[in-house]
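Colleague: Residue numbers for the sequence shown follow the working numbering, beginning at 65 and rising by one.
Don't be surprised by glycine CBs; every beta carbon is placed ideally from N, CA and C.
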Amino acid sequence: MLTDFVIQFFSEQPRRERAVFGLLTGKQTISILYAALIHQQLQWLHLYPSLSKEAFSAAITTLKVQRMLRETETGLILTEKGQHLKQAAVTQLPFPTHYQPWMNLPVFAPRFFLGVQVLSEASYANRAYQPISVNWATQQVVKQWYQQVDHRAAVITLSSLFQRLPTELADTLAANMIGHDYAGQLMPATLEAHFERLDALAALVQQLANTRSMWTALWGGPRDFVSRPAQQTLAQARAGMALPTIANRSHRKQSTINEHLLLAAIMGETLPIEHLVPLKIHRALDRVTQIYDHQALLAAIPGSTFFRFDCSRF
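As structure tokens, this is what we get:
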């Protein structure tokens with residue numbers, strides 16, 4: 065089943081396996097994020113944070129041995145046989161269609177299911193039960209939330225949220241809940257079930273993002289992948305401040321300032337390109353459609369740099 069999942073991240077275009085693994089587990093380096101962007105896979109960032117390196121590597125090895133993937137100098141590509149497997153895998157193991165990285169589901173999921181359990185047990189005045197989450201931070205967030213909300217209103221609101229979900233997604237969520245004299249599955253038994261639960265949670269978060277309720281407070285709001293320092297750097301650059309000045313004032317390296325801006329661009333922010341790249345260089349870089357040798361490209365365009373090239377690509 066894991067091979068059906070992994071193969072969906074490869075195509076006829078070379079893709080490095082460590083970039084795929086980093087994407088799925090939520091590693092946010094510029095190289096991993098940019099690779100995901102150009103392969104149109106950025107929406108799957110942090111999709112499978114619990115995926116182990118050993119399991120992922122074993123799946124890659126299996127696909128190589130079965131001649132589904134072939135190694136090239138620049139990464140792995142699908143073979144003709146692999147293309148057929150990928151087509152079948154898309155149907156057999158569909159990805160969660162409602163999922164978005166900003167939903168922060170790895171954090172929300174344990175909060176949500178523990179919150180449901182706490183409300184359920186409280187409605188029967190039962191304090192002698194085993195919490196489904198033993199994570200201290202999760203327990204503290206849920207405890208604080210529980211102390212601040214109207215319990216009856218929380219139950220009514222959750223029922224209303226469920227009624228607005230598609231029936232199959234509401235049923236999936238219900239099947240994963242644990243409460244007083246009700247025991248759903250604590251952990252999905254298969255990868256398919258895992259993604260079904262993820263899809264249901266994502267659909268719920270879509271509602272929470274568009275409404276304000278006590279459950280929105282438990283969720284905690286969307287995750288911003290552009291860090292506060294990166295946001296500050298972007299604001300200063302938009303204001304026309306020179307990058308060396310930004311670096312000096314923030315006591316950061318120039319390379320860090322560059323990474324701030326590239327991260328913001330990858331995540332959809334608009335860079336002040338006219339301030340970062342001289343117009344003549346930007347036009348020359350913008351005319352480049354295929355890249356075979358970065359060093360040769362930069363040598364052919366005087367004044368160009370890797371940073372300016374990256375800014376122009378975004």
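The alpha helix (DSSP H) spanning residue 11 covers which residue range?
Modeller: Because the chain is modelled from 65 through 378, residue 11 falls outside the range shown and cannot be assessed.
Colleague: Would you call the segment 134 to 150 in contact with the segment 166 to 184, where contact means no fewer than 3 C-beta pairs closer than 8 Å?
Modeller: no
Colleague: Compare the Cα-Cα distances from residue 94 to each of 88, 83 and 104 and report the closest residue.
Modeller: 83
Colleague: Report the three-state DSSP secondary structure of residue 356 (helix, strand or coil).
Modeller: Because the pLDDT at residue 356 is just 44, under 50, the model does not fix this residue reliably, and the value given afterwards should be weighed accordingly. Residue 356: coil per DSSP, three-state reduction.
Colleague: Below 7 Å CB to CB, which residues in the same chain sit around residue 66 once its five sequence neighbours on both sides are set aside?
Modeller: 119, 123 and 255
Colleague: Check whether the segment 126 to 142 and the segment 106 to 113 are in contact - that is, three or more C-beta pairs closer than 8 Å.
Modeller: No, the segment 126 to 142 is not in contact with the segment 106 to 113.
Colleague: Helix, strand or coil: which one does DSSP assign to residue 304?
Modeller: coil
Colleague: I'd like the span of the alpha helix (DSSP H) that includes residue 262, first residue to last.
Modeller: 255 to 274
Colleague: Leaving aside the five residues before and after residue 277 along the sequence, list all residues of the same chain whose C-beta is less than 6 Å from its C-beta, in chain order.
Modeller: 221
Colleague: Kindly give me the distance between the Cβ atoms of residue 379 and residue 318, rounded to whole angstroms, as I take these residues to be in contact under 8 Å.
Modeller: The structure shown does not extend to residue 379, since the chain is modelled only from 65 through 378, so no value can be given for it.
Colleague: Tell me whether the segment 185 to 201 and the segment 240 to 249 touch, counting them as touching only if at least three CB pairs, one residue from each stretch, are closer than 8 Å.
Modeller: With three or more CB-CB distances shorter than 8 Å, the segment 185 to 201 counts as touching the segment 240 to 249.
Colleague: Measuring only the C-alpha atoms, how far is residue 376 from residue 238?
Modeller: 48 Å
Colleague: Based on Cα-Cα distance, which residue from 257, 201, 183 and 267 lies nearest to residue 231?
Modeller: 267
Colleague: Within 10 angstroms of the Cβ of residue 261, are there 16 or more other Cβ atoms? Answer buried if so, exposed if not.
Modeller: buried
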